[in-house]
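Colleague:
Residue numbers (the working numbering): 626 to 977.
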């Protein structure tokens with residue numbers, strides 16, 4: 626966005642003390658432009674959330690969907706980085722250079738993981754039009770050879786990404802107890818341990834709430850664009866034990882029974898057609914009845930942890946929504962709550 630050319634030589638003359646010059650130009654968005662909050666969950670499937678008939682209780686999503694719109698044909702790509710690059714540019718992921726995750730980049734057209742300089746990220750466009758911009762959480766769009774604290778930072782959120790503030794991690798996943806975090810491009814260390822109550826999800830939500838409060842205090846005339854991308858529910862599935870314990874026993878019947886219950890609830894909610902037919906069981910996965918009885922509690926507990934992780938994440942997103950309401954800006958905020966970047970979590974184990 627080039628500067629406006631100065632039309633002529635500026636001369637101050639003591640004989641003309643009342644000379645008037647135009648005000649310093651400041652970019653402002655159109656009057657009434659809304660705040661924008663995009664929430665993108667990680668590895669949460671179509672049938673996981675309570676809003677779409679699933680077993681994971683998500684009261685914040687339920688609340689927002691009850692007062693808004695639910696999309697049951699919202700398309701993503703099948704991989705993490707491509708979905709995020711497409712979302713943040715409004716372009717097809719191949720056109721945006723991200724046909725695969727950054728770790729699988731090649732020199733083939735569309736696979737370089739490098740955003741062409743002919744494309745402007747959404748955050749950059751909004752910033753140049755007067756928005757305050759911030760990103761929290763996961764950033765999996767940085768080419769692997771740039772993903773270090775020495776740069777280059779062209780593809781980082783606060784580099785070429787258009788975000789004025791970033792607090793989160795670079796890469797596909799993060800340890801929720803001991804994450805490797807950056808503020809902008811500067812590495813930061815946690816001041817608390819898990820034993821002292823630290824969890825990354827709570828931390829990033831608190832940072833986001835503080836950023837919104839600061840923005841509305843110092844620049845109330847400007848709307849904000851916030852991209853809030855938790856590492857949940859991507860593995861490792863780390864969540865306080867009491868949140869996982871809320872689901873104790875709820876998955877003991879096994880996944881064959883659970884999928885039928887979810888399917889029935891989705892029909893009753895109108896999420897899928899009433900005459901839909903449940904897809905055939907995966908022939909490569911053993912039936913629940915064939916799982917050794919002493920191993921079933923392990924698998925059920927893994928699902929309890931996953932569901933608790935999803936609900937815990939939704940809880941902290943609810944804190945952000947509550948802060949918008951407290952600041953009396955909720956009614957002028959567009960909230961896009963995207964439940965998953967590609968599908969359910971395929972990873973997981975005894976350590977999350």
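Beta carbons are placed, not taken as given, at the ideal position from N, Cα and C, and that holds for glycine.
What you are looking at is a predicted structure, and each value in this text was computed from that prediction instead of being measured.
If you count every other CB in all the chains shown that lies within 10 Å of the CB of residue 653, and 16 or more means buried, which is it?
Modeller: Result: exposed.
Colleague: Between the alpha carbons of residue 770 and residue 709, how many angstroms are there, rounded?
Modeller: The straight-line gap from Cα to Cα measures roughly 19 Å.
Colleague: What are the boundary residues of the beta strand (DSSP E) that residue 763 is part of?
Modeller: Residues 757-764.
Colleague: Would you report the Cα separation of residue 887 and residue 866, rounded to the nearest angstrom?
Modeller: Using only the alpha carbons, I get a separation of about 25 Å.
Colleague: Since residue 945 contacts residue 833 with CB under 8 Å, what's their CB separation in whole angstroms?
Modeller: The Cβ separation is near 6 Å, so the contact holds.
Colleague: Go through the stretch 690-745 residue by residue and report every complete run of the alpha helix (DSSP H) that reaches 4 residues or more, in order.
Modeller: Counting whole runs of 4 or more residues, the stretch 690-745 contains the alpha helix (DSSP H) stretches 705-714.
Colleague: Going by C-alpha to C-alpha distance, which of 756, 693, 706 sits closest to residue 668?
Modeller: For the residues 756, 693, 706, the minimum Cα distance to residue 668 belongs to 706.
Colleague: Can you tell me where the beta strand (DSSP E) with residue 789 in it begins and where it stops?
Modeller: Careful: residue 789 lies outside any beta strand (DSSP E) and carries neither H nor E.
Colleague: Is the CB-CB distance between residue 843 and residue 661 below 7 Å?
Modeller: No, these two residues do not count as a Cβ contact at 7 Å.
Colleague: Would the stretch 875-884 count as touching the stretch 920-927 if we require 3 or more Cβ pairs under 8 Å?
Modeller: Touching, per the Cβ criterion.
Colleague: Residues in its own chain within less than 6 Å of residue 968 by CB, not counting five upstream and five downstream?
Modeller: These residues qualify, in order along the chain: 670.
Colleague: Where does residue 938 fall in DSSP's three states?
Modeller: If DSSP states are grouped into helix, strand and coil, residue 938 belongs with the helices.
Colleague: Is residue 949 buried or exposed, if buried means 16 or more other CB atoms sit within 10 Å of its CB?
Modeller: It is buried - the Cβ of residue 949 has at least 16 other Cβ atoms within 10 Å.
Colleague: Could you pull the start and end residues of the alpha helix (DSSP H) that residue 808 belongs to?
Modeller: Note, residue 808: premise wrong, no alpha helix (DSSP H); beta strand (DSSP E) at 806-808.
Colleague: What span of residues does the alpha helix (DSSP H) with residue 894 cover, start to end?
Modeller: First-last of the alpha helix (DSSP H) with residue 894: 880-894.
Colleague: Alpha carbon to alpha carbon, what distance is there between residue 957 and residue 659?
Modeller: About 5 Å.
Colleague: Would residue 758 pass as a contact of residue 853 if the rule is Cβ separation under 7 Å?
Modeller: In this structure, residue 853 does not lie closer than 7 Å to residue 758 by Cβ.
Colleague: Given residue 737, which residues of its chain have a CB within under 7 Å of its CB, disregarding the five upstream and five downstream residues?
Modeller: Correct list, in chain order: 722, 730.
Colleague: In the DSSP assignment, find the unbroken beta strand (DSSP E) run with residue 849 in it and report its ends.
Modeller: Note, residue 849: beta strand (DSSP E), 849-854.
Colleague: According to DSSP, what are the bridge partners of residue 831?
Modeller: In the DSSP output, where bridge partners are listed per residue, residue 831 has none listed.
Colleague: Mapping DSSP to helix, strand and coil, what is residue 819?
Modeller: Residue 819 falls in the helix class under three-state DSSP.
Colleague: Roughly how many angstroms separate the alpha carbons of residue 751 and residue 784, rounded to a whole number?
Modeller: Taking the straight line joining both Cα atoms gives about 15 Å.
Colleague: Considering only the beta carbon of each residue, do residue 714 and residue 744 sit closer than 7 Å?
Modeller: Yes; because the gap between Cβ atoms is below 7 Å, this pair is in contact.
Colleague: For residue 674, which three-state DSSP category applies?
Modeller: In this structure, residue 674 counts as strand in the three-state DSSP scheme.
Colleague: For my contact list, residue 792 and residue 761 are in at a C-beta cut-off of 8 Å; report their separation, rounded to the angstrom.
Modeller: Correct: roughly 5 Å between the Cβ atoms.
Colleague: Go to residue 811, then tell me how far its beta strand (DSSP E) extends in each direction, as first and last residue.
Modeller: Per DSSP, residue 811 belongs to the beta strand (DSSP E) from 811-813.
Colleague: Looking at the unbroken alpha helix (DSSP H) that takes in residue 747, where does it start and where does it end?
Modeller: 747-752 is the span of the alpha helix (DSSP H), which, as asked, contains residue 747.
Colleague: For residue 864, collect the residues of the same chain with a Cβ closer than 7 Å to its Cβ; drop the 5 residues on either side in sequence, then sort them by chain order.
Modeller: If we look at residue 864 and ignore the five residues flanking it on each side, its Cβ neighbours are 930, 933, 934, 937.
Colleague: Grab the span of the beta strand (DSSP E) containing residue 872 for me, first residue to last.
Modeller: Element bounds for residue 872: n/a, residue is neither H nor E.
Colleague: Mind checking which residues open and close the beta strand (DSSP E) that includes residue 663?
Modeller: Taken as a continuous stretch (DSSP letters only), the beta strand (DSSP E) holding residue 663 covers 660-665.
Colleague: In the DSSP assignment, the beta strand (DSSP E) including residue 904 goes from what residue to what residue?
Modeller: No beta strand (DSSP E) contains residue 904, which DSSP labels as neither H nor E.
Colleague: Buried or exposed: which applies to residue 753, given that a residue is buried once 16 or more other Cβ atoms fall within 10 Å of its Cβ?
Modeller: Exposed, because fewer than 16 other Cβ atoms sit within 10 Å of the Cβ of residue 753.
Colleague: Cα-Cα, which of 884, 704, 845 is closest to residue 954?
Modeller: Considering only alpha carbons, the answer is 845.
Colleague: Distance, Cα to Cα, residue 703 vs residue 727?
Modeller: Near 14 Å, if we compare the C-alpha coordinates of residue 727 and residue 703.
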